[in-house]
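Just so you know, the sequences run in chain order A and B.
Residues in the first sequence are numbered from 1 upward in steps of one, following the working numbering.
Residues in the second sequence are numbered from 1001 upward in steps of one, following the working numbering.
Okay, structure first, notes after.
2 protein chains.
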Amino acid sequence: MKDTDDIAALMADMGSRARAAAKQLAIAPAEAKTRALNAAADRLEAAEAEIVAANAQDMEFGREKGLSPAMLDRLMLDGDRVKAIAGSLRAIAAQEDPVGATLDSWDMPSGLAIERVRTPIGVIGVIYESRPNVTADAGALCLKSGNAVILRGGSESLHSSRAIHACLVQGLADAGLPEDAVQLVPTRDRAAVSEMLAMTDYIDVIVPRGGKGLVGLVQREARVPVFAHLEGIVHIYIDKDADPEAALKVVLNAKTRRTGICGAAECLLIHRDVLKTVGQGVVRALLDAGVEVRGDADVAAIDGVVAAGEDDWGREFLDKIIGARVVDDIDGAMAHISRYGSDHTDCIITDDAETAARFLNEVDSAIVMHNASTQFADGGEFGMGAEIGIATGRLHARGPVGAEQLTSFKYKVRGTGNTRG
Amino acid sequence: MKDTDDIAALMADMGSRARAAAKQLAIAPAEAKTRALNAAADRLEAAEAEIVAANAQDMEFGREKGLSPAMLDRLMLDGDRVKAIAGSLRAIAAQEDPVGATLDSWDMPSGLAIERVRTPIGVIGVIYESRPNVTADAGALCLKSGNAVILRGGSESLHSSRAIHACLVQGLADAGLPEDAVQLVPTRDRAAVSEMLAMTDYIDVIVPRGGKGLVGLVQREARVPVFAHLEGIVHIYIDKDADPEAALKVVLNAKTRRTGICGAAECLLIHRDVLKTVGQGVVRALLDAGVEVRGDADVAAIDGVVAAGEDDWGREFLDKIIGARVVDDIDGAMAHISRYGSDHTDCIITDDAETAARFLNEVDSAIVMHNASTQFADGGEFGMGAEIGIATGRLHARGPVGAEQLTSFKYKVRGTGNTRG
């Protein structure tokens, strides 16, 4: 066993092993990566009982720690969930290998043939909370894209993550790939996260998945580049030209289908002209569905709506609660989104093509939607297979991050002895 | 006039003005940006005498400061150079506008139509040394890509940069675009650079162009994401199957055409089997061309070669000097490049297709070349028009950075009232 007291040394050792594994993985054949992922899925299924038992330890720890029922539900693994994780690994295995793909190619008048090809990034650090399935998904997506990964899961899920990680490592071994390609930080010590954020020699990019505590830590301490994953402060704007039926079903679905995901709507903006018609109908339907509606003065005039406080704007409830306010027009809606949004996903409901086009052009969020539920903000629903998260930054990766978004590129230039004049 | 003593306040003011300008610029029509660039070119040509006079002040300051002849040459502007800068602006104006272009689009079984479109990044900070033309090129590329920019040029070129910047601002005004879209830091105080590196609220990415001092400062202090631009420690490997004539002309061109650019070769790696034949011929030709060859023990056996010190490996000479050493095979060459290279540009000379493929696949530099001079490592030679530099990092931008590489993207998702099951 490592001496986990010396976190800096532990992490540096993991980092240098990841770097070495990344070099091998970058040139590994697609077939070997596929084989490793399928073998890991086999191992997971065979180890179902052990994984569920490990998870029981985490659940007990979680209950003692006083985790909310919602968090305990995310943490929990049963036989079906383990099978689903294995299925996800097989799905990633079946995807096309992104590495080496030609992104573009052209010839220059100088006689050079230039080709832009996909390459792995190198070593990825993933810092996440207590969903054990992220261990498998993030590990698999990094492997698929030819990157080594250092996983640092939530402390509550340590036993579950270890059991899943062991299957991934066995899959790597079965396929003759370096076991250090997927490493799991073996300690609950928070200092490991600080180390990861500063390991510029060993980690090329950090993917943080978590709440405000982690986001704050990343903002203060990160020296390694970060694919920002902020909260999903998702807005839906009901325009004056919204179709009443579309508004009703889209908003209800966006808020209530699942309230705990980042694509769930958190704030409703209603054009003043339709407050008494479409707006009121939507608000009543939300109330009937058991949603707490926190409205501004205009919306709060509707029976059953409670008054919103200033801190209800720009807030990710992740619960059966929604903010609601009236705006004078699309500019008012976009100004609200610009001020309170998190550049994740925002939506307009309108039948006016010009208004829709303005919204889609001018709202600068990773995903901008027209007449569709924001619950579609998901890599699977985008056709990307699994996702490691939804990036809210503007650099490199934006929106759902799948295997392809975890790659870089380089230029191959071929000549026949060409010299520059 | 600003109180330039309070650098933090000055920079925050510039930052918030840049942010406001970026919002306008992001939705500005392509035609307005084109008009601004052409108007700036007109203004530059009309102001030729003033610009040359401003440059004379910088040249005097530079001579007093003891700048090298090479640096003074980079700093110097005459009528022809001003005309060339104007020409570069017109060339960027004539390029296709990258913003709003559809990068990909597809339909999902759910009925959603998904489109990936190019967007500006936001606000770009460019920190560079004393080439006044970078003021125009960087300003123009950022404008073309819909980004606001804060330019911080080398202190030696302040008067020249100011004169050029004034023309850019006039161009913006002529086209009805916000003048704050292109701002120049008005002070020589180095504290302005430190501020830029920490302005995460106002700057989305920093493009640093400079020597080791700047690179070190960026590595220590940057909180804003950086498009790394390290030195070009460019290697050429002469394989045992190299064509002698191609080796000779490519190496000579790569080293001697211009020694001061980042694509100039700095280190020659020679397969042991051809040291006495092709290798010796190339080394003698370099010596004949007046290049100082610093060789390992094997190469130093050739008459006229001096012994290399350990610090000659991984060194960017930017001069008529080259390191040269013998390697046992392609693995030895790749190991040397991996240890001493800067992930910029590296080249193999061989007629063996399999060896070439291995080198192009396995060397992880932004540009990997086969049988062509490394002096082609240039945005213009890649067909990108002007470049802001050659990125050596792996994230977002890699290799030559033109207008297209200064953009991000977002997803537009269109439905017809779709809800997720």
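Backbone N, C-alpha and C define an ideal beta-carbon position, used for all residues, glycine too.
These numbers were taken from a predicted model, which means no experiment stands behind them.
Taking the alpha carbon of residue i as the point to measure from, which residue in the options has its own alpha carbon closest?
i                : options                               : result
R1398 of chain B : A:K412, A:N418 and A:G260             : A:K412
G1153 of chain B : B:R1339, B:I1164, B:N1147 and B:I1321 : B:I1164
I150 of chain A  : A:Y237, A:S88, A:A246 and A:A181      : A:A181
A1366 of chain B : B:I1051, B:C1347 and B:L1275          : B:C1347
L1318 of chain B : B:D1303, B:D1296, B:E1292 and B:A1333 : B:E1292
A1297 of chain B : B:D1312, B:A1307 and B:D1303          : B:A1307
G341 of chain A  : A:G379, A:L268 and A:L395             : A:L268
V1299 of chain B : B:K1320, B:G1314 and B:V1327          : B:V1327
K1144 of chain B : B:I1261, B:A1242 and B:Q1095          : B:Q1095
V282 of chain A  : A:G263, A:D243 and A:E316             : A:D243
E231 of chain A  : A:A265, A:A247, A:I203 and A:T119     : A:A265
S424 of chain A  : B:A1403, B:D1364 and B:F1409          : Coverage of chain A is limited to positions 1 through 421, which leaves residue 424 of chain A absent and any answer about it impossible.
L1177 of chain B : B:M1369, B:E1031, B:H1396 and B:H1344 : B:E1031
G304 of chain A  : A:D273, A:G263 and A:R294             : A:R294
G1079 of chain B : B:V1099, B:M1071, B:A1054 and B:H1229 : B:A1054
G1139 of chain B : B:M1108, B:T1119, B:D1107 and B:E1179 : B:E1179
D1343 of chain B : B:R1220, B:I1127, B:H1229 and B:D1201 : B:H1229
M118 of chain A  : A:K410, A:A47 and A:N133              : A small correction: the amino acid at residue 118 of chain A is Arg; Met does not occupy that position in the sequence shown. Nearest option by C-alpha distance: A:K410.
A166 of chain A  : A:E48, A:T392, A:T277 and A:R188      : A:E48
A1036 of chain B : B:A1021, B:L1172 and B:G1062          : B:L1172
N1418 of chain B : A:G402, A:N418, A:Q375 and A:G379     : A:Q375
I1349 of chain B : B:Y1237, B:V1274, B:G1379 and B:E1310 : B:Y1237
P1120 of chain B : B:D1137, B:A1148, B:N1133 and B:R1131 : B:A1148
D330 of chain A  : A:D137, A:E310, A:L103 and A:R272     : The residue asked about is misnamed: residue 330 of chain A is Ile in this sequence, not Asp. Checking every option, the nearest Cα to that of I330 of chain A belongs to A:R272.
How about residue i and residue j: do their beta carbons lie closer than 7 Å?
i                : j                : result
L1075 of chain B : E1129 of chain B : no
A1101 of chain B : N1038 of chain B : no
A41 of chain A   : R81 of chain A   : no
G125 of chain A  : A26 of chain A   : no
L1044 of chain B : A1086 of chain B : yes
D1239 of chain B : T1355 of chain B : yes
A18 of chain A   : V123 of chain A  : yes
S161 of chain A  : T135 of chain A  : yes
S68 of chain A   : V250 of chain A  : no
T1259 of chain B : A1289 of chain B : no
D204 of chain A  : R1223 of chain B : no
D1312 of chain B : D1241 of chain B : no
G1263 of chain B : I1270 of chain B : no
P98 of chain A   : E381 of chain A  : no
N371 of chain A  : T1416 of chain B : yes
M1108 of chain B : G383 of chain A  : yes
E1221 of chain B : I1007 of chain B : no
V1193 of chain B : I1127 of chain B : yes
Q1183 of chain B : M1334 of chain B : no
H1396 of chain B : H396 of chain A  : yes
Among all the DSSP beta bridges, which residues are the ones paired with residue i?
i                : result
D1346 of chain B : B:H1235 and B:V1368
R258 of chain A  : Answer by DSSP bridge pairing: none, since R258 of chain A is not bridged.
T1374 of chain B : None; T1374 of chain B has no bridge partner.
Q183 of chain A  : A:I150
Q1407 of chain B : In the sequence as presented, Gln is not what sits at residue 1407 of chain B; that position holds Thr. Answer is B:P1120, bridged to T1407 of chain B.
R959 of chain B  : In the structure displayed, chain B extends from 1001 to 1421; residue 959 of chain B sits before or after that span and is not available.
G1399 of chain B : B:A1391
T1102 of chain B : B:V1117
A307 of chain A  : A:G295
G125 of chain A  : A:I150 and A:I206
K412 of chain A  : A:E115 and B:V1368
Contact defined as beta carbons within less than 8 Å: I believe residue i pairs with residue j. What is the distance between those atoms, to the nearest angstrom?
i                : j                : result
M199 of chain A  : M59 of chain A   : Not a contact, Cβ separation roughly 32 Å.
V218 of chain A  : P208 of chain A  : 5 Å
V1345 of chain B : V1234 of chain B : The question names Val, yet the displayed sequence has Thr at residue 1345 of chain B. T1345 of chain B to V1234 of chain B, Cβ: 5 Å. Contact.
N1253 of chain B : R339 of chain A  : That belief does not hold up - the Cβ atoms of N1253 of chain B and R339 of chain A are roughly 56 Å apart, past 8 Å.
L1077 of chain B : V1052 of chain B : 6 Å
F1227 of chain B : A1391 of chain B : 5 Å
I322 of chain A  : L275 of chain A  : Going by Cβ atoms, the distance from I322 of chain A to L275 of chain A rounds to 15 Å, so no, they are not a contact pair.
Any beta carbon of chain E sitting closer than 7 Å to that of residue i?
i                : result
S1130 of chain B : Absent from the structure: chain E. Protein chains present are A and B.
For residue i, verify whether its CB is less than 6 Å away from any heavy atom of the ligand NAP.
i                : result
G1153 of chain B : Annotation note on the ligand NAP: not contained in the displayed structure, which lists no ligands.
Does the pairing of the stretch 1103-1112 of chain B with the stretch 387-394 of chain A give three or more beta-carbon distances under 8 Å? no
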